[in-house]
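Single-structure report; data block below.
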Ligand code: ATP
Ligand code: MG
Ligand code: MG
Ligand code: MG
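Residue numbers (the UniProt record's numbering): 1 to 469.
So this is what it looks like as structure tokens:
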């Protein structure tokens, strides 16, 4: 069996042999990019290279990039445990051309790696292209010999990529793997494409235009290439399993989750074990970069991830700090590729243990309240915002944790009511504060309080835009 670690090396070696500079992963907390919560794609560290603002001593590169998609534009948090292919933390393998090769070479390199180097069965592969991209259509036929029915034309929503409102953009082409008809789902563009039978493994972005302020597009003088392939997804394919959570790396983490919570792998607690294994990676990599659980910004996203994992540990019957015990397994599995895990091991363990300790004090009581309040509710019911706010305010339940807890029962939370309760509390605080007469300090205090307000986290619940690498 080819391990995740072998596949990562094999990818980087292949592109190095093909003349690409192997560049280390950039941090999860993007440098000099306040617009982005966490690095969510391989191209992030090359943004300025693509626009020409920054020059590098190479014109092609390859990376294995740490990514987190648990907030902002890409938020896969709610997918974890429910799809075979989504993680909050994952590694994106990529090759990049900065005005060097373009579409034909990019397709050739990808196809050769998949079918020659890795010998994947050609008949299982199909691609999507942007509806107007006749060039890509012709190239997939020429280079890969794909028949027309294996080249699906889709619209801009899924197959046109833009860096922002202006700047580089272009059509993309996604490569899918067919896991077989024992798995539910249809090919992309079909009515049941939401299933997990056809899994997107690789996205090739052809940056060939520059979007102007006035809405027009100019051709880029030197078009570029940006690709991204999920390491865990390609590992599932190469290890002959359908679900990402069945690859070697996740098997080890899930075994550790089972051991830490005193349960059996593959038993009733499978979903919770998967969520814990997934969230352990996000929290550990973030803590290794110095992000700490807090009530705002990145720290709050981290706290949400940690507390969700903790609720799942509780579901598995664990009432003591447990997740921190899994850290050595993660370090063993991923420490060689990411030495920051080895360096940060003690700090990661201690941070997780402390947060578990802190939250476990109120978690049980909060879950009891949640269960009391919802005991007569059935599918389609809505939990009132005031209760959700009380759970947040008094018991430390992030809103999405409450939602996650009710999701399998088909119960949702009144988000507007939650915000109203939050606002009411703030107004109340302002009133009682007004008498103090220290208006200058008030301002500072409220500026801080507002930061922790509902917009701070409801803002992350935005749609997961597709087709972005
Ligand atoms: P999907 O449609 O499956 O959510 P995507 O179109 O959002 O994927 P891209 O933005 O194109 O993904 O990212 C490039 C590649 O990264 C994908 O083809 C996939 O292999 C991988 N990938 C994306 N999101 C995740 C995730 N949450 N977990 C694991 N791998 C991912
Ligand atoms: Mg996605
Ligand atoms: Mg994609
Ligand atoms: Mg997609």
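The C-beta atom is built at its ideal place from N, Cα and C for all residues, glycine as well.
Item                                                                                                    : Value
Residue range of the beta strand (DSSP E) that includes residue 226                                     : 217-230
Cβ-Cβ separation, residue 401 to residue 413 (assumed contact under 8 Å), whole Å                       : Not really, about 10 Å apart at Cβ, beyond 8 Å.
Beta bridge counterpart(s) of residue 162 as assigned by DSSP                                           : 169
For residue 181 and residue 81, the rounded distance between their alpha carbons                        : 22 Å
Proximal residues to residue 16 (C-beta, below 7 Å), its chain only, five neighbours per side dropped   : 22 and 62
Per DSSP, cross-strand counterpart(s) of residue 96                                                     : 61 and 226
Where residue 357 falls, given that 16 or more other Cβ within 10 Å makes a residue buried              : exposed
Continuous alpha helix (DSSP H) assignments of at least 4 residues falling wholly in the region 301-344 : 327-334
Closest residue to residue 31 among 19, 44, 20 and 24 (Cα-Cα distance)                                  : 44
heavy atom of ligand 3 below 8 Å from residue 203 C-beta                                                : yes
8 Å contact criterion, which residue 172 and residue 204 should meet: CB distance rounded               : 6 Å
Residue 4 versus residue 305: straight-line alpha-carbon distance, rounded                              : 24 Å
For residue 209, the first and last residue of its enclosing beta strand (DSSP E)                       : 198-211
Cβ pair count under 8 Å reaching 3, the region 345-361 against the region 274-291                       : yes
Alpha carbon of residue 34 to alpha carbon of residue 186, nearest angstrom                             : 39 Å
Beta-carbon spacing of residue 238, residue 2 below 9 Å                                                 : yes
Residue 154 - partner residues in DSSP beta bridges                                                     : 130
Three-way DSSP call (helix, strand, coil) for residue 90 in this model                                  : strand
Pairwise C-alpha distance: residue 405 and residue 368                                                  : 12 Å
Closer than 8 Å: residue 198 CB and nearest ligand 1 heavy atom                                         : no
Whole-angstrom distance between residue 231 and residue 93, CA atom to CA atom                          : 6 Å
For residue 28 and residue 439, the rounded distance between their alpha carbons                        : At residue 439, the pLDDT of 44 sits below 50, so the modelled position is not reliable; the number obtained from the coordinates is stated separately. Those two C-alpha atoms are separated by around 39 Å.
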